Every structure is written in C-alpha cells, then in structure tokens.
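In this note's numbering, the protein residues as written are 32 to 277.
Notes to accompany the following structure.
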C-alpha cells in the first residue's frame with residue numbers, strides 16, 4: 032500500500048468528521064432549547080407537612096374496641112399461617128425461630144424462658160408493661176420500623192384489617208381473659224346533657240319572676256320611700272266616691 036492509500040483514508044476520516052460537526056451545528060440551529068432559570072417546580076414543604084398533619088387529624092385515633100369486637104377470627108387464623116414458619120400459636124407447642132405466641136397478649140415483652148431475644152426486644156421490654164392491643168397492632172405493621180434492630184425479618188402486615196383479625200385470633204389463643212378496650216366515646220357521648228339542664232333556665236326565670244322586687248321611688252325632700260305610681264292609671268278619669276253625684 033502506497034502513500035496514496037493513506038491519503039485517501041485520511042481524507043475519508045476528515046470528511047466524516049466534517050459531516051458530523053456539520054450535522055451537530057445544523058441541529059443546534061434548528062432545535063435551539065433555552066435553559067430555564069429554575070429547574071422543576073418549587074415545592075412548599077411547609078404546605079405538604081400541614082396537609083399531612085390535617086389528614087392524620089381527620090383520621091383520628093383507631094377505635095380498637097369497635098374493630099376488635101367485629102373482627103373475623105377465622106380470617107385472622109388464615110393470616111397467622113404466614114407466621115407459622117417461625118411461630119406457634121397453640122398451647123403447649125415449642126418455640127420455633129421465634130417465640131411461641133400462645134397467650135402473647137397481656138404477656139410481658141421478651142418473657143419466654145430460654146428464648147434468645149434480640150437486644151432491641153430486650154430494651155423495648157424495659158419501656159412497656161407488656162404486649163397490648165395498640166403496640167401489637169403497630170409492631171405487626173412493620174416490625175423493623177417500629178423496633179429498629181429487631182431480629183424479626185417479617186416485612187409486616189400493611190393491611191389494617193389483617194392486623195385486627197390476627198390480633199383477634201391471638202386473643203382467642205390464650206389471651207381471652209384480656210378484655211377488649213371500650214369503644215371510643217363520640218363527641219355527643221363525651222359531654223351528655225345532664226338531666227334537668229333544659230329546665231334550669233326556665234326555673235331560674237320563674238324564680239326571678241316570683242322574687243322580683245317592686246321598684247320604689249324616693250322622695251327627694253324627705254328621703255322617704257314613696258310607692259310607685261302606675262302611670263296607666265293617671266290618664267284614667269277619677270271615679271266618684273260613694274254618695275257623690277255622678
């Protein structure tokens with residue numbers, strides 16, 4: 032291959048480069064995109080936090096008394112099968128990967144003898160009296176988020192109905208002596224009208240009417256009290272006394 036071949040090759044490469052540069056320049060001139068001064072849309076974090084707080088306020092507290100009383104225990108038993116690889120729920124059964132859960136409601140946290148609890152569970156046991164309806168409900172939603180450091184690898188039950196049904200099933204399995212919470216009182220029940228409140232104002236008015244003091248006039252010269260004259264009688268014509276001509 033002589034020098035002529037390399038010259039042709041160099042010329043071809045140069046031509047390709049020139050074509051690419053030309054196309055790039057042409058494309059920039061045809062599709063000129065101006066960069067915005069600010070990227071995206073401004074986000075008002077304070078507004079988001081206030082709206083989230085408003086939603087939480089609208090939801091209100093969970094009425095465990097109503098939910099547990101109407102829970103489906105058979106559905107809770109089906110939910111419990113997801114936990115059967117690590118836990119047992121029947122009386123007298125041994126621990127598995129996790130401690131047995133017979134009678135867990137009302138039981139002290141980390142209280143099964145001989146089971147090796149995680150440090151996070153043991154620390155949590157020092158802060159609560161035991162497993163109740165509310166903390167069990169929150170723990171089952173996401174164990175690792177509720178109790179960071181726990182050895183429980185279960186992802187949790189996101190569905191509220193599943194958690195309520197499971198807790199109702201736990202209640203039947205050795206914790207039936209632990210009563211359900213009382214239903215939350217409605218605003219009308221929190222401040223009922225006491226018996227007789229309706230008539231108190233009326234009674235007060237009647238008493239005030241009975242004990243009303245007749246106004247009196249005071250003679251400016253003598254300082255003595257003088258009876259109040261009914262102005263309606265002043266316009267009436269005087270009636271003749273007995274014996275006078277009419």
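Glycine residues also receive a C-beta, built at the ideal position from the N, C-alpha and C atoms.
No experiment lies behind these values; they were computed from the predicted model shown.
Helix, strand or coil for residue i, going by three-state DSSP, please let me know.
{"i": "residue 196", "result": "helix"}
{"i": "residue 189", "result": "coil"}
{"i": "residue 167", "result": "helix"}
{"i": "residue 182", "result": "coil"}
{"i": "residue 38", "result": "helix"}
{"i": "residue 174", "result": "helix"}
{"i": "residue 56", "result": "helix"}
{"i": "residue 213", "result": "coil"}
{"i": "residue 51", "result": "helix"}
{"i": "residue 45", "result": "helix"}
By Cβ distance, which residues of its chain are closer than 8 Å to residue i, with the 5 residues on each side in sequence left out?
{"i": "residue 179", "result": "151"}
{"i": "residue 163", "result": "136 and 137"}
{"i": "residue 160", "result": "139"}
Ordered along the chain, which non-local residues of its own chain (more than five positions away) have a Cβ less than 7 Å from that of residue i?
{"i": "residue 111", "result": "120, 197 and 200"}
{"i": "residue 48", "result": "none"}
{"i": "residue 122", "result": "133 and 205"}
{"i": "residue 149", "result": "180, 181 and 182"}
{"i": "residue 193", "result": "110"}
{"i": "residue 212", "result": "95, 96 and 164"}
Quick check on this structure: which residue in the options has the alpha carbon closest to the alpha carbon of residue i?
{"i": "residue 209", "options": "41, 59, 100 and 175", "result": "100"}
{"i": "residue 156", "options": "140, 95 and 148", "result": "140"}
{"i": "residue 207", "options": "134, 189 and 217", "result": "134"}
{"i": "residue 104", "options": "203, 212, 216 and 217", "result": "203"}
Sorted by chain position, which residues of the same chain lie with C-beta nearer than 6 Å to residue i's C-beta, five sequence neighbours on each side aside?
{"i": "residue 172", "result": "187"}
{"i": "residue 130", "result": "143 and 146"}
{"i": "residue 132", "result": "118 and 120"}
{"i": "residue 107", "result": "196, 197, 199 and 200"}
State the CB to CB distance for the pair residue i and residue j, rounded to an integer number of angstroms; the pair is presumed to be in contact (CB under 8 Å).
{"i": "residue 214", "j": "residue 97", "result": "5 Å"}
{"i": "residue 95", "j": "residue 165", "result": "7 Å"}
{"i": "residue 170", "j": "residue 177", "result": "5 Å"}
{"i": "residue 9", "j": "residue 195", "result": "In the structure as shown, the chain starts at 32 and stops at 277, and residue 9 therefore has no counterpart that could be examined."}
If you measure from the CB of residue i, is any heavy atom of the ligand FAD nearer than 8 Å?
{"i": "residue 178", "result": "Of the ligands one can find in the structure shown there are none, so the ligand FAD has no counterpart to examine."}
Length-filtered (4 minimum) alpha helix (DSSP H) runs lying within the stretch 76–158: Note on the stretch 76–158: whole alpha helix (DSSP H) runs with a minimum of 4 residues are 76–90, 95–100, 104–111 and 150–156, in chain order.
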